[in-house]
Structures are given as structure tokens and as C-alpha cells.
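Take the sequence shown: its position 127, counting from 1, is numbered 114 in the numbering used here, and each next residue is one higher. Just so you know, even glycine gets a beta-carbon here, dropped at the ideal spot from N, CA and C.
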Amino acid sequence: MKKRVIAVLTITVCLLFSGCAGIGESKNRNTTVSQNASQNESVTQSSQDNSKADTAKDTPTDISTYPQFDFEKKTVQLNSGYEMPILGLGMFSLSDSEAENSTYLALKAGFRLIDTARIYGNEAAVGRGLQRAIDEGIVKREDAFITTKMWTSDFDDGDNAVNASLERLGVDYIDLMILHHSQPSNDVAAYQAMERAVKDGKLKSIGLSNYYSPKDFDRLLNATSIKPALLQNETHPYHQSTEMKHHIAQYGTVLESWFPLGGRGNTQTLFNDETIRSIVDAHRKSSAQVIIRALAGR
Ligand SMILES: NC(=O)c1ccc[n+]([C@@H]2O[C@H](COP(=O)([O-])OP(=O)(O)OC[C@H]3O[C@@H](n4cnc5c(N)ncnc54)[C@H](OP(=O)(O)O)[C@@H]3O)[C@@H](O)[C@H]2O)c1
-12 MKKRVIAVLT ITVCLLFSGC AGIGESKNRN TTVSQNASQN ESVTQSSQDN
38 SKADTAKDTP TDISTYPQFD FEKKTVQLNS GYEMPILGLG MFSLSDSEAE
88 NSTYLALKAG FRLIDTARIY GNEAAVGRGL QRAIDEGIVK REDAFITTKM
138 WTSDFDDGDN AVNASLERLG VDYIDLMILH HSQPSNDVAA YQAMERAVKD
188 GKLKSIGLSN YYSPKDFDRL LNATSIKPAL LQNETHPYHQ STEMKHHIAQ
238 YGTVLESWFP LGGRGNTQTL FNDETIRSIV DAHRKSSAQV IIRALAGR
């Protein structure tokens, strides 16, 4: 595993940078980035934004339902009642051997959150890495937090999709399963399959990914019973997801961001941003550290 810290997923957004231009992060963008991504392990991080800049008119008056973060334990309390680690490992574009070794080494290094997906094709490898860590007494199953995602082509057969992910991962339950993308034609049915799996004890928590408007999020929420525990969206200084963060807070839903460093191909632009460079110079930190700290809000 690379020695440097590689941030992948951070919960919530920062507002440290003004005048940020949003970039399109639709299904197409994600797919393109996925296809072009290089293969290396990535560490995920999540946290809640409490930046002072995030206090103006965008802030809801009642924030009592905001997800509760514990920065000492580095966990966040999901609305499902389960705790999720703030720091973890993303599996996007990793080969089998990379995914297995990255999972194992991350657990050995102290990380507890592993993020994979059916479409990444490496759930089984993640399961093997987890099992190695369990066999060696590094972690117990309950110490690890495994996230996977149901791909859109499986939405019409959600029950089997859940079972297949369980089987590939080689686990009795999955800590968090999320729908990979909004797909209005059948995502409600897919989500309802995940709700059944929660009742059956197969899934601990369920949520969404790539829902970029309150309207789309509420469409799903209003047609289902269990409030999403988490929304995983592209979020970084150039696309801060402020509206979504505040909108989903009323449901106690945690915002988790992917591409916190801008994603491959965009990272250097972000790292050399004038505002970020000025903070780097003032605090003698790397650009990656500045961005992660800004996103984490602490
Ligand atoms: N739900 C979704 O649709 C979705 C979509 C995409 C991704 N994801 C999740 O998010 C993860 C993707 O994250 P990502 O790693 O591609 O995005 P990222 O963290 O925004 O960007 C990674 C890029 O940043 C560079 N980098 C990372 N840490 C660095 C550091 N400390 N210093 C300097 N450069 C650093 C990497 O360079 P090198 O390549 O040179 O190391 C890489 O180019 C996936 O693993 C997946 O779990 C989810």
C-alpha cells in the first residue's frame, strides 16, 4: 500500500473556497472516470462539515437531525442505529489481487471501512482480504464495515442482487448496501428489495449513491419505508454539494463524498488551485491534507 494517505470518500462538504465552479458529475462523468481510472488503492474518509462558512442562509434552522459524528472515535452514527467508521478504503478500478491485498493491508493498518461495488468486479477479492484479516486475528467480522453497491442493471432483480453480493463477499451480512445510481424507472423496486434484506438481517444499513437533486432523492424516499442512511455523491472543493447536504440532513442521512481530491485527471488542477496553494503555504501542509481537512470540517 502506498505510504501516503489517499483520500477517497469524505462525508459532507466544505465551504472554504468561494466562487467554486461546479462540474458535471452525472452518470456519464462517473462512468468515464471509472473507465479511465488507474489502478491503485485508495483510502476513504468521511466526516461532517462544520466549517464556519457553512452558516449562512443555506443552513437549516433545525440541525438537530444532523448525523452525529464522533471525531475522537472517528465514527458517525447512521440513522439506522449503526456506527460507520470515518476513514476507509475505496476499491474502484482495483484488480482482484490489488483489492484483496488492499483490503487486507488496510485492515491491518487500522482502517475499518471498505467500499466496493458489484460493478467494480472485486467483491470476492474484498471478501478474501477480509477473511485473511479475520483468520490472522487482525479483526473480527463485526469490526469491519463493508459497503457495496447494487448496479443499475440488477435493479429489476434486487433480491438476487443482494444475495449475490453476500455470496461474492463471503459474509453473512453486509454493513451498508447502496443503489449505485438513480434510475427512476426501477430504483424504487431495487430499494424495496434492500428493505426486505434489512428485515431478513442480510443488510444492516441501506442508502443511495449519485442522487443529485432533492427532488430525485425525495422521489425515492417518499416511495419507500426506510430512510437512506447515507448518500454517496461526488463532492470536492469544486463541487461542494451544499444543497444536498442540507436537504438530506432532515432525514439524518449522512453525505459521503467520492472523488474528494477531484478524481483522477482533475487532481492536479485542484492541488494547484490558488486558494488551496495559499492555505498550503500558510500551514505547511500538502494540498491533499488541506482538502481533506476542509472536507472533514475539522
Ligand atoms: N459511488 C460512485 O459512483 C463512485 C464513483 C467513483 C468513485 N467512488 C469511490 O470513490 C473512490 C474513488 O476515489 P479516487 O481515489 O478515484 O478519487 P480521489 O481521491 O478524488 O482522487 C484520487 C486521485 O488523487 C490522487 N491522490 C490521492 N491521494 C493523494 C495524496 N495524498 N497526495 C497526492 N495525490 C493523491 C491519486 O493519484 P494517484 O493515482 O497517482 O495515486 C488519484 O489521481 C473509489 O475507490 C470508490 O470507492 C464511488
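Going by DSSP, residue 227 is part of no beta strand (DSSP E) at all; its letter is neither H nor E.
Beta-bridge annotation (DSSP): residue 171 is not paired with any residue. Taking residue 127 as the centre and dropping the five residues before and after it, the same chain places the C-beta of 121 closer than 8 Å to its C-beta, in chain order. The DSSP assignment places complete alpha helix (DSSP H) segments of no fewer than 4 residues inside the segment 49 to 134 at 83 to 96, 110 to 122, in order along the chain. Residue 194 sits in a strand when the DSSP states are folded into three classes. Rounded to whole angstroms, the separation of the alpha carbons of residue 270 and residue 204 is 38 Å.
DSSP, read as helix, strand or coil, puts residue 202 in helix. Taking 8 Å as the upper bound for CB-CB distance, residue 67 and residue 177 are not in contact here, some 18 Å apart. The beta carbons of residue 244 and residue 276 sit no closer together than 9 Å. Counting only residues of its own chain and dropping the five nearest sequence neighbours on each side, residue 147 has a CB closer than 8 Å to the CB of 141.
Under the three-state reduction of DSSP output, residue 219 falls in the strand class. Between residue 105 and the set 183, 89, 255, 161, the nearest pair of CA atoms involves 161.
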